[in-house]
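Q: Per the working numbering: the sequence shown = residues 15 to 533.
Using N, Cα and C, we set each Cβ at its ideal position, and we do this for glycine too.
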Amino acid sequence: MTVTPQMMNPDAYGSLGELLWDSLVQFKSETALIEVDRNKETHRLTYLAVKQEVARVARFFADRGIGAGDRVAILMSNRSRWLISACAAYHQGAVLVPLDYKLSAKEQAALLAHSRPAALVSEHGLLRRFDEGDLGVPTILDVDDDWDELPAGDAPHRVERTRDDLATIVYSSGTGGVAKGCLLTHDAYLVQLRALMDRFPMRPGHRYFSILPTNHAIDFMVGFVGPFSAGATIVHQRTLRPEFLRSTMQAYGITHMAVVPLILAAFETAISEQLLEQPRWARRVVSVLSGLNELLTTKKPNPAVSRALLGPIHEAFGGELELLFCGGAFVDRQRAELFYRLGLPVVIGYGLTEACTVATVNDLSPFRADSVGRALPGVSIRIHEPNVEGVGEVWIKGRTVMKGYLDEPELTAETITEDGWLRSGDLGWIDAAHHLHLVGRRKNMIVTAGGKNVYPEDIEGAFDELAVEELVVFASGFLGRSHTLGDEHLVVVVRPRRGNGVAAPSREALMSQLRAKNR
Numbered sequence: 015m016t017v018t019p020q021m022m023n024p025d026a027y028g029s030l031g032e033l034l035w036d037s038l039v040q041f042k043s044e045t046a047l048i049e050v051d052r053n054k055e056t057h058r059l060t061y062l063a064v065k066q067e068v069a070r071v072a073r074f075f076a077d078r079g080i081g082a083g084d085r086v087a088i089l090m091s092n093r094s095r096w097l098i099s100a101c102a103a104y105h106q107g108a109v110l111v112p113l114d115y116k117l118s119a120k121e122q123a124a125l126l127a128h129s130r131p132a133a134l135v136s137e138h139g140l141l142r143r144f145d146e147g148d149l150g151v152p153t154i155l156d157v158d159d160d161w162d163e164l165p166a167g168d169a170p171h172r173v174e175r176t177r178d179d180l181a182t183i184v185y186s187s188g189t190g191g192v193a194k195g196c197l198l199t200h201d202a203y204l205v206q207l208r209a210l211m212d213r214f215p216m217r218p219g220h221r222y223f224s225i226l227p228t229n230h231a232i233d234f235m236v237g238f239v240g241p242f243s244a245g246a247t248i249v250h251q252r253t254l255r256p257e258f259l260r261s262t263m264q265a266y267g268i269t270h271m272a273v274v275p276l277i278l279a280a281f282e283t284a285i286s287e288q289l290l291e292q293p294r295w296a297r298r299v300v301s302v303l304s305g306l307n308e309l310l311t312t313k314k315p316n317p318a319v320s321r322a323l324l325g326p327i328h329e330a331f332g333g334e335l336e337l338l339f340c341g342g343a344f345v346d347r348q349r350a351e352l353f354y355r356l357g358l359p360v361v362i363g364y365g366l367t368e369a370c371t372v373a374t375v376n377d378l379s380p381f382r383a384d385s386v387g388r389a390l391p392g393v394s395i396r397i398h399e400p401n402v403e404g405v406g407e408v409w410i411k412g413r414t415v416m417k418g419y420l421d422e423p424e425l426t427a428e429t430i431t432e433d434g435w436l437r438s439g440d441l442g443w444i445d446a447a448h449h450l451h452l453v454g455r456r457k458n459m460i461v462t463a464g465g466k467n468v469y470p471e472d473i474e475g476a477f478d479e480l481a482v483e484e485l486v487v488f489a490s491g492f493l494g495r496s497h498t499l500g501d502e503h504l505v506v507v508v509r510p511r512r513g514n515g516v517a518a519p520s521r522e523a524l525m526s527q528l529r530a531k532n533r
């Protein structure tokens, strides 16, 4: 499979800024961005209108001397102005620093101090959490208060960058431990884009529903750079309550989404509830038709066949859904297989921020839910020091691997070998078809069902200054490792401080202190 004629060819570009700007020109009459608040559309922009907005923000940056290699942090919830600001930063040759808007103000301030951006683009509701002077950023753009005052006119001359230049500094953990800012180049993103779009091409008329934070590696690639390179439409929903998600999918005929397993589970619940409302004979018919659909789509998905057989279920999700990208955490095999039988394919992949987005992915030809797929073109996977069962640490090599961690040479040396292999810290094995199977983790970290990295050291740090004599934090699998990554969680064992006739604080009292400290 090759890049479709409608798509921009990543091989022809030297930077994300160059590709994104050409996309705004190439697809000028297509709808680029739609923003919805509850059931009301509040924003709709063509690619030409986005280009005009990008020019205004780029002029704002240029007037303040922000150019090649300067860092621009974005701290914003999912909305059109996130993507516009990112395009403007790249137009100026800046390095993007996407920050998680769900972190606490204290955590966000720590990442800003670590990354030292020349500018911060944020929104009023997030900025007001900080005391004046706490941010220490020379230039701040409040997209709620300052946007309408931005200068109009042509964009400044685009600042050229090369593939070897930094594109982003992405934090793989935003919590209280060591700040791990992954240094990723334009080449890493362009190579990754080419590999993903070859397998899952998009085109004008496709509608991607962006519900994961755009700072998330998956959504940044398949919910921003990917759709823009294909002239597709990106829909942002300001309210993420389940009932509004489904109404937006129905209203706009969503074709693509990226979700974490927690959301996939919620979709399964919605389907189950829908079926339970039907009489027994109707549920039996659905079971027979889903089996027939599975038989007819054994080699690859066929949306037309699936919708013809299982129309009511598809209509509940908008009637146009083609792919669900799912990653960031363990994907339950039975759940993924259920969705495939219903004609709603789940693309299962494996990756980490240090490797740009994904390293392996299942291309659905044929669909397999027992693995995390094969390595993408240009990516090498090896199992380091496998045991008698073939299980060892997953190592990754290729142009998508980061240059290192910002200002952390020792941590970089611990993570990347001298000959360029990235030590993932994950345990797995490779089958005869070259599919990777994950079984656990060697490193001291787990991933929640919502796709968030959690480090035990950060949990320990959260208890500093509380009435705790000692504590230990470990993953639940530590007491008896199983060959699955499902239902993994952290366990914290605490010995409260007592003495001088004072009783030890209760669990509830410690939790209250913890919430107050991290508010």
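Would you tell me roughly how many angstroms separate the C-alpha atoms of residue 327 and residue 177, rounded to the nearest one?
A: Distance between the alpha carbons of residue 327 and residue 177 is about 44 Å.
Q: Write down the C-beta distance between residue 111 and residue 151 rounded to the nearest angstrom, noting that I regard them as a contact closer than 8 Å.
A: Not a contact, Cβ separation roughly 10 Å.
Q: On a CA-only basis, which of 441, 309, 402 and 345 is nearest residue 380? Give me that one, please.
A: Minimum Cα distance to residue 380 is reached at 309.
Q: Apart from the five residues just before and just after residue 394, which ones in its own chain have a Cβ nearer than 8 Å to its Cβ?
A: So the qualifying residues of the chain are 410, 411 and 412.
Q: With distances taken Cα to Cα, identify the nearest neighbour of residue 390 among 383, 376 and 403.
A: Closest option to residue 390, Cα to Cα, is 376.
Q: Quick one: any contact between the segment 249-257 and the segment 293-307, if contact means 3 or more CB pairs under 8 Å?
A: No: fewer than three Cβ pairs fall under 8 Å.
Q: One question on the structure: do residue 135 and residue 155 come within less than 9 Å of each other, judged by their Cβ atoms?
A: For residue 135 and residue 155, yes; Cβs fall inside 9 Å.
Q: Does the distance from the CB of residue 350 to the CB of residue 340 come in under 9 Å?
A: Yes.
Q: What's the call for residue 247, buried or exposed, on a 16-neighbour Cβ count within 10 Å?
A: Residue 247 should be labelled buried.
Q: Would you report the Cα separation of residue 337 and residue 140, rounded to the nearest angstrom?
A: Their Cα atoms are separated by approximately 33 Å.
Q: Give me the Cα-Cα distance between residue 405 and residue 365, rounded to the nearest whole angstrom.
A: C-alpha separation (whole angstroms): 18 Å.
Q: Distance check for residue 197 and residue 232, CA to CA, integer angstroms please.
A: Between residue 232 and residue 197, the C-alpha separation is close to 16 Å.
Q: Between the alpha carbons of residue 186 and residue 195, how many angstroms are there, rounded?
A: Rounded to the nearest angstrom, the two C-alpha atoms are 7 Å apart.
Q: Taking one C-beta from the segment 439-457 and one from the segment 212-228 each time, how about it: are there three or more such pairs within less than 8 Å?
A: Too few Cβ pairs lie closer than 8 Å, so no.
Q: With distances taken Cα to Cα, identify the nearest neighbour of residue 84 among 101, 130 and 61.
A: Among 101, 130 and 61, the Cα nearest to that of residue 84 is on 130.
Q: Using C-beta distances below 7 Å, list every residue in its chain close to residue 205, excluding the 5 sequence neighbours before and after it, in chain order.
A: Within the same chain, residue 205 has close Cβ partners 392, 413 and 414.
Q: Need the endpoints of the beta strand (DSSP E) that residue 344 sits in, please.
A: Note, residue 344: premise wrong, no beta strand (DSSP E); not H, not E.
Q: Cutting at 6 Å between CB atoms, please list the residues of its own chain near residue 157, excluding the five before and the five after it.
A: So the qualifying residues of the chain are 95 and 137.
Q: Quick check: the Cα distance between residue 116 and residue 295, rounded to an integer number of angstroms?
A: When rounded, the distance between both Cα atoms is 45 Å.
Q: State the Cα-Cα distance for the pair residue 424 and residue 418, rounded to the nearest angstrom.
A: Cα to Cα, residue 424 sits roughly 10 Å from residue 418.
Q: Of the residues 217, 49 and 311, which one's Cα is nearest the Cα of residue 353?
A: Residue 353 has its Cα closest to that of 311, out of 217, 49 and 311.
Q: Could you give the uninterrupted runs of the beta strand (DSSP E) lying entirely in the segment 382-457, keeping only those of 3 residues or more?
A: Complete beta strand (DSSP E) runs here, min 3: 393-398, 406-412, 436-444 and 450-455.
Q: Any contact of the segment 62-80 with the segment 117-129, i.e. 3+ C-beta pairs under 8 Å?
A: Counting Cβ pairs under 8 Å, fewer than three are found: no touch.
Q: Tell me which same chain residues have a C-beta within less than 6 Å of the C-beta of residue 107, skipping the five on either side of it?
A: So the qualifying residues of the chain are 81, 82, 173 and 175.
Q: Helix, strand or coil: which one does DSSP assign to residue 64?
A: In this structure, residue 64 counts as helix in the three-state DSSP scheme.
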